[in-house]
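Here's the structure we're looking at; comments come further down.
In the working numbering, the protein residues as written are 2 to 280.
Here it is in structure tokens:
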């Protein structure tokens, strides 16, 4: 009999533990269910609402930016002297026509404008709601240079800008002796020639003889040569490198009326030396 009681006692204890675990499991399930209801479900609802709002906002943004409100109506181009204002207007108009001002690709417009010869750099900006503004920095011509394909305006870096089609009052004579090779020495050599050209231009204007010169040969900048006309003949005059204006004026005075008989003049010394043509 005692053994039987002991067995019953153990069975009761086991039953109690099983019921306890079942109760705990049930309680845990209720707690998880309540937590899901209190926290997870509201977060899901909020996420859905936020996603909906974002979708509506993006849809509204696309509609607004594509509306007539941002249609291009004004193009403001500043800093233009030699570049084609009409061509710049055309670039902006064709680039913004479909996208509208708000969605226009300013970088792409700038890149296209900077391909024009006289444009050194361009800044492109939106003037909302319907305008585009372009501020140009142009390349400034420094001389007229004779190249194999014609006479070109070039800037201080030696970059050819455009073929000369009309009279350029700022540059009364043409620079000859340009190095058109692609060697490493060509660029610094040509820049040195441009500096000499500028010096000649300033000094010849100072002595009021710049308009007598048609061409300057600067193949050797240390021995600058100016070609002048007298009596209907072209005469090469070698100038004093350190006294360009005065030496040319002295040479012009020395050969006045003798152009038909004069081959060249060396004005590099104290007095001009005239070399006469053989009769």
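Even glycine gets a Cβ: it sits at the ideal position worked out from N, Cα and C. Remember, it's a predicted structure, so these values are computed and weren't measured experimentally.
Between which residues of its own chain and residue 255 is the CB-CB distance below 6 Å, once the five residues before and five after are set aside?
Excluding residues within five positions, the ones whose Cβ falls inside 6 Å are 273.
Relative to the C-alpha of residue 145, which candidate in 128, 245, 224, 166 has its C-alpha closest?
When only C-alpha atoms are compared, the closest one is 166.
Beta-carbon within less than 7 Å of residue 275's beta-carbon, same chain only, minus the 5 sequence neighbours each way: which residues are those?
The residues are 255, 256, 263, 266.
Can you tell me the Cα-Cα spacing of residue 108 and residue 125, whole angstroms?
Near 8 Å, if we compare the C-alpha coordinates of residue 125 and residue 108.
Please return the same chain residues whose Cβ sits closer than 6 Å to the Cβ of residue 147, not counting the five positions on each side in sequence.
Counting only Cβ-Cβ distances below 6 Å, and skipping sequence neighbours, we find 175, 177.
May I ask you to report which of helix, strand or coil DSSP gives residue 271?
Coil at residue 271, not helix or strand.
Have a look at the DSSP bridge pairing and note the partners of residue 300.
Limits of the chain in this structure are 2 at one end and 280 at the other, which puts residue 300 out of reach.
Going by beta-carbon coordinates alone, are residue 149 and residue 205 separated by less than 8 Å?
Going by C-beta atoms, residue 149 is not nearer than 8 Å to residue 205.
Applying the criterion that 16 or more other CB atoms from any shown protein chain within 10 Å of the CB defines a buried residue, is residue 79 buried or exposed?
The residue in question, residue 79, is exposed, as its Cβ has fewer than 16 Cβ neighbours within 10 Å.
Can you tell me whether residue 113 is helix, strand or coil according to DSSP?
DSSP places residue 113 in helix when its eight states are reduced to three.
DSSP puts residue 163 in a beta bridge; with which residues?
154, per the DSSP bridge assignment.
Do you know how far the Cα of residue 253 is from the Cα of residue 232?
Distance between the alpha carbons of residue 232 and residue 253: 12 Å.
Using the Cα positions of residue 173 and residue 196, report the straight-line distance between them to the nearest angstrom.
In a straight line, the C-alpha of residue 173 is about 16 Å away from that of residue 196.
Taking residue 119 as the reference, give the member of 169, 251, 140 with the closest Cα.
If we check each option's Cα against that of residue 119, 140 comes out closest.
Could you check whether residue 228 and residue 237 sit closer than 8 Å to each other, using their CB atoms as the reference points?
For residue 237 and residue 228, yes; Cβs fall inside 8 Å.
Can you tell me whether residue 116 is buried or exposed, with buried defined as 16 or more other CB within 10 angstroms of its CB?
Residue 116 comes out exposed.
Assuming residue 76 and residue 133 are in contact, meaning their beta carbons sit under 8 Å apart, how far apart are those beta carbons, in whole angstroms?
With 8 Å as the limit, residue 76 and residue 133 qualify as a contact, their Cβ atoms being about 5 Å apart.
Ends of the beta strand (DSSP E) at residue 121?
Unbroken beta strand (DSSP E) run through residue 121: 120-128.
So, is residue 268 buried or exposed, given that buried needs 16 or more other C-beta atoms within 10 angstroms?
Looking at its Cβ environment, which holds 16 or more other Cβ atoms inside 10 Å, residue 268 is buried.
Using only alpha-carbon positions, find the residue among 192, 189, 217 that is nearest to residue 202.
Taking only the C-alpha atoms, the option nearest residue 202 is 217.
How close, in whole Å, do the beta carbons of residue 180 and residue 191 come, if the pair is a contact with beta carbons under 8 Å?
Their Cβ separation, rounded to whole angstroms, is 6 Å, which keeps residue 180 and residue 191 in contact under 8 Å.
From residue 162 to residue 279, what distance separates their C-alpha atoms?
Going by the C-alpha atoms only, they are around 42 Å apart.
Would residue 74 and residue 131 qualify as a contact pair, given that the criterion is a beta-carbon distance under 8 Å?
Yes, Cβ-Cβ distance for residue 74 and residue 131 is below 8 Å.
I need the straight-line Cα distance from residue 127 to residue 187, nearest angstrom please.
So the alpha carbons of these two residues sit roughly 42 Å apart.
Determine the direct distance from the alpha carbon of residue 47 to that of residue 37, and round the result to whole angstroms.
With a pLDDT of 48 at residue 37, under the threshold of 50, the modelled position of this residue cannot be trusted, and the question is left open.
State the start and end residues of the unbroken alpha helix (DSSP H) segment that holds residue 191.
Start and end: 187-207.
Between 168, 160, 169, which has its C-alpha nearest residue 183's C-alpha?
Residue 160 is the option with its Cα nearest to residue 183.
Need the endpoints of the alpha helix (DSSP H) that residue 223 sits in, please.
Neither: residue 223 is in no alpha helix (DSSP H) and is coded neither H nor E.
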